[in-house]
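*Asks:* Residue numbers (our numbering): 4 to 451.
All C-beta atoms, glycine included, are put in the ideal place defined by N, C-alpha and C.
Once you've had a glance at the structure underneath, I'll fire off some questions.
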Amino acid sequence: MSGDQREDASAGWGVLGAGALGLTVALRLAQRGEPVTVLEREPAAGGLAAGFPFPGMPNTYLEKFYHHLFRSDRDAIALIDELGLGARLVWPRPTTACLVHGRAWPLDSARRVLGFGPLSPLDRLRLGAAIAYLKLERQHQRLEGRTAAPWIRRTMGRRVYDLVWGPQLVSKFGAYAQQIALSWFWARVHFRSQSLGYVRGGFQHVYAALVREIERHGGRVLLGHEVRAIEKRPDGTFRIESRPTAGTAAPITHRFGGVVSTLPTRVTLRLTPQLPAAFARQFDWGQAYGAHCVILALDRPFMPPVYWLSVNDPGYPFLAAVEHTNYVDPADYGGRRLLYLGNYLPMEHPLFAQDDAETLAQFYPYLKQINPDFEPRWVQEQWVWKAPFAQPIVTTDFVQHIPPHETPLPGLYLANMFQVYPQDRGQNYSIRMANRLVLRLPRLSGGQ
Ligand SMILES: Cc1cc2nc3c(=O)[nH]c(=O)nc-3n(C[C@H](O)[C@H](O)[C@H](O)COP(=O)(O)OP(=O)(O)OC[C@H]3O[C@@H](n4cnc5c(N)ncnc54)[C@H](O)[C@@H]3O)c2cc1C
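In structure tokens:
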């Protein structure tokens, strides 16, 4: 160790990342009496689901990226209850719609599918029947190895693909749209509910409560600590080097008996050069897009009653407009109306480097296309958030590159959202994976 490094005399488990997955792993380990330390790069817990304090509203957070739960998200719902936050979880049934030919068409019920004007009556029936089939089919294994786009065209018809699903596949997966696994599409349709769950005051309450609970059980959550290296020592322990992200403090060396990394697989592989090359080749694979989100606080509603608008018309610089306050009461935000404009793009896309003012100037004319009355003076505040590795690209060969939890370095475990297939991500699936993984982890100390 070089002279300017500090040593953290921790033992037990190290958990890398304080998102839904890392915090749930740490909670379960702490609950069974094991020493656990979480290292997180960001100054706040929550990962991709983290919120920021909403100005002027005490104890209120807003997600950097729009978030809700489905009724099928049982592990997340159970955790929220366990943390004593059940009373905050509300289940409105907001309107979700597609922008087709300049008009927002709600498509969130069988009746609305049957009334979807841009399609012929026969195509509407085919769309409805295929959705019903995907809802009823319980085994995604039967669909394995097949690609979503041709299946949709064949089953629902060319026009349904062109107007409804094709634009959504392209906006989410770009150049990979034609290679996306049918199993992923099944999961997307199968598990969705019309009622959507939201933790009033923000999901950040869940992450703050997780941190409190971990600490109450004797664990530690070190925020603002970026992991820079993972090394297995000859004595079987792990040396983790972290660097405080604020200030100029020296790197810190931590010693752990076992490590669970919830960082994207690619990042863990790069931080752990001791992992064999063949393992790295197989799992340092595939693509993940970054997420880009503009949030506008408006002085009036933008597209009531629509909460979620998938932008299926071509040419728009964002793929979805999500008016959070057509879902959650605007009174929670002092009456302000909140509109997200989201994108998934390769991280090298110019949007990620673009100046925020330039981005807003680019987006405003398209907001006027959705609501011709829109004026930039409606915007009272704005935020722009960006995150790498936010949208795994779930192609048909993805499944062959999902890493196991156990790595060739005994004691180092991988757990991340690239392992929740056929889902592509979701707080629920990270929480479920954490609950299941901890049952497989050996005891490092004499816990109960
Ligand atoms: C735009 C968008 C919309 C979404 N909508 C929903 C939704 O409606 N409902 C839903 O349930 N889910 C949604 N999700 C998905 C959800 O946010 C994720 O599935 C979930 O938060 C993943 O949690 P995780 O802990 O597995 O990963 P992450 O949240 O990515 O956590 C990994 C953590 O590791 C940290 N980290 C990375 N590198 C380092 C390092 N070197 N050192 C230390 N720490 C590091 C990161 O900062 C992060 O906190 C959405 C995601 C996005 C991007």
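Taking 7 Å as the cut-off, is the beta-carbon of V39 closer than that to any non-hydrogen atom of ligand 1?
*Replies:* False, no ligand heavy atom lies under 7 Å from that Cβ.
*Asks:* Measure the Cβ-Cβ separation of L322 and G338 and say whether it is below 8 Å.
*Replies:* Result no, Cβ atoms of L322 and G338 do not sit closer than 8 Å.
*Asks:* So, at 7 Å on beta carbons, what are the nonlocal neighbours of K138 in its own chain, with the 5 sequence-adjacent residues on each side left out?
*Replies:* V192 and H193, listed in sequence order.
*Asks:* What distance in whole Å lies between the Cβ atoms of L278 and P411, which are believed to be in contact at a cut-off of 8 Å?
*Replies:* Indeed, because the Cβ distance is near 6 Å, the residues count as touching under 8 Å.
*Asks:* Just the C-alpha distance for P353 and R443, rounded to the nearest angstrom, thanks.
*Replies:* For P353 and R443, the distance between alpha carbons rounds to 43 Å.
*Asks:* Using 8 Å as the threshold, is the C-beta distance between P320 and Y369 below it?
*Replies:* Yes, the pair counts as a contact, with Cβ atoms nearer than the cut-off.
*Asks:* From Y347 to G177, what distance separates their C-alpha atoms?
*Replies:* Distance between the alpha carbons of Y347 and G177 is about 8 Å.
*Asks:* Using the Cβ count rule (16 or more neighbours within 10 Å means buried), how would you classify D427?
*Replies:* Its Cβ being crowded by 16 or more others within 10 Å, D427 is buried.
*Asks:* Looking only at its chain, what residues have a beta carbon closer than 6 Å to the beta carbon of E384, apart from the 5 residues adjacent to it on each side?
*Replies:* Here the set comprises A300.
*Asks:* Does DSSP classify P320 as helix, strand or coil?
*Replies:* Looking at P320 - three-state DSSP - the assignment turns out to be coil, as it is neither helix nor strand.
*Asks:* What would DSSP say about E147, mapped onto helix, strand or coil?
*Replies:* It is coil, neither helix nor strand.
*Asks:* What is the C-beta distance between L86 and G261, in whole angstroms, given that I count them as a contact (C-beta under 8 Å)?
*Replies:* Rounded, the Cβ-Cβ distance is 25 Å, inconsistent with contact.
*Asks:* For W311, report the span of its beta strand (DSSP E) as first-last.
*Replies:* Here the beta strand (DSSP E) through W311 covers V309 to V314.
*Asks:* Just to confirm, is the Cβ distance from V41 to A23 under 8 Å?
*Replies:* It is not a contact, given that the beta carbons lie outside the stated cut-off.
*Asks:* From which residue to which residue does the beta strand (DSSP E) around H295 run?
*Replies:* Residues A291 to L301.
*Asks:* Hey, is T275 close to ligand 1, as in C-beta under 7 Å from one of its heavy atoms?
*Replies:* False, no ligand heavy atom lies under 7 Å from that Cβ.
*Asks:* Verify whether the separation of the beta carbon atoms of V263 and V28 is less than 8 Å.
*Replies:* Yes, the Cβ-Cβ distance between V263 and V28 is below 8 Å.
*Asks:* Mind listing, in chain order, the continuous alpha helix (DSSP H) runs of no fewer than 4 residues lying wholly within the region 160-233?
*Replies:* Runs of the alpha helix (DSSP H) inside the region 160-233: 169-176, 185-193 and 207-219.
*Asks:* What are the residues that DSSP puts in a beta bridge with E66?
*Replies:* Bridge partners of E66: G54.
*Asks:* For A390, tell me which candidate among V297, A180 and A360 has the shortest Cα-Cα distance.
*Replies:* Answer by Cα proximity: V297.
*Asks:* Taking a contact to mean a Cβ-Cβ separation below 8 Å, would you say F452 touches R157 in this structure?
*Replies:* With the chain represented from 4 up to 451, any question about residue 452 goes unanswered, as that position is not in the structure.
*Asks:* Can you list, in chain order, the residues of its chain whose CB lies under 6 Å from that of A180, leaving out five sequence neighbours each side?
*Replies:* Taken in chain order, the residues that qualify are L172 and V173.
*Asks:* Enumerate, from N- to C-terminal direction, the unbroken beta strand (DSSP E) stretches of 3 or more residues contained entirely within the region 73-127.
*Replies:* The region 73-127 contains these whole beta strand (DSSP E) runs: 98-103 and 106-109.
*Asks:* Check whether the Cβ atoms of T63 and D302 lie closer than 8 Å to each other.
*Replies:* No, the Cβ-Cβ distance between T63 and D302 is not below 8 Å.
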